[in-house]
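The next block holds one structure in the form of structure tokens; read it before the comments.
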Amino acid sequence: MSEITFIASKNSLPEIVRTGARLINVKDMSQINNQQETGTIKELNEESELIFIDDENLFNNLSISRCGILPNGFKKYITLEYVYIIEARLKSNFIHQTFDYILNLPKHIEVELWSIWDGYEEQPIKYRKIKRDELSYKDLEFFLDGSCCLVIEK
């Protein structure tokens, strides 16, 4: 079971690609990395690709990417046309960066933030509505407390 976080809207939303990570092949990695290679890396083909993080602080940034296909059973909860998966490695980054993201959307756009557990047939969803100009960090903390939907109106 895993909790998945979404943002949905009637309107298309800007995507945010997590920065700080890039694909690099093993051969280039060995030239960059002065540390001793682990046994696993030694066993890989030198053209194999790995995810390399230049600056771990940047990697903690928020990522918002379009969700092509909702997991089974989620369509009964999320009915809006544009659905995006939200990811952040740290809770504090999620709260602050999602807050900034929402406040910087065009004023006419309304969104729903969803937190749903994958793997459950039915789950009770807590709902809360709030006007965007009344949104606070505390509202986003509510959102991180289990299966819920936070509707942010214009």
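Under this note's numbering, the first residue of the sequence shown carries the number 315, and numbering increases by one thereafter. Even glycine gets a Cβ: it sits at the ideal position worked out from N, Cα and C. It should be emphasised that the depicted structure is a prediction, and the values quoted were computed from it without experimental measurement.
{"Item": "For Tyr451, the three-state DSSP class (helix, strand or coil)", "Value": "helix"}
{"Item": "Buried versus exposed, by CB contacts within 10 Å (16 or more), Thr412", "Value": "buried"}
{"Item": "Minimum length 3: unbroken beta strand (DSSP E) runs contained in the stretch 374–433", "Value": "377–380, 396–401, 425–432"}
{"Item": "Cβ pair count under 8 angstroms reaching 3, the stretch 380–400 against the stretch 428–446", "Value": "yes"}
{"Item": "Backbone CA spacing between Ile416 and Glu435 [nearest angstrom]", "Value": "30 angstroms"}
{"Item": "Proximity winner among Asp447, Ile439, Gly433, relative to Leu420 (alpha-carbon distances)", "Value": "Per the sequence shown, residue 420 should be read as Pro rather than Leu. Minimum Cα distance to Pro420 is reached at Asp447."}
{"Item": "Residues bridged to Lys468 (per DSSP)", "Value": "Paired residues: none, contrary to the question."}
{"Item": "Assigned exposure category for Ile383 - 16 Cβ within 10 Å defines buried", "Value": "exposed"}
{"Item": "Test item: CB-CB of Ser362 and Glu329 under 7 angstroms", "Value": "no"}
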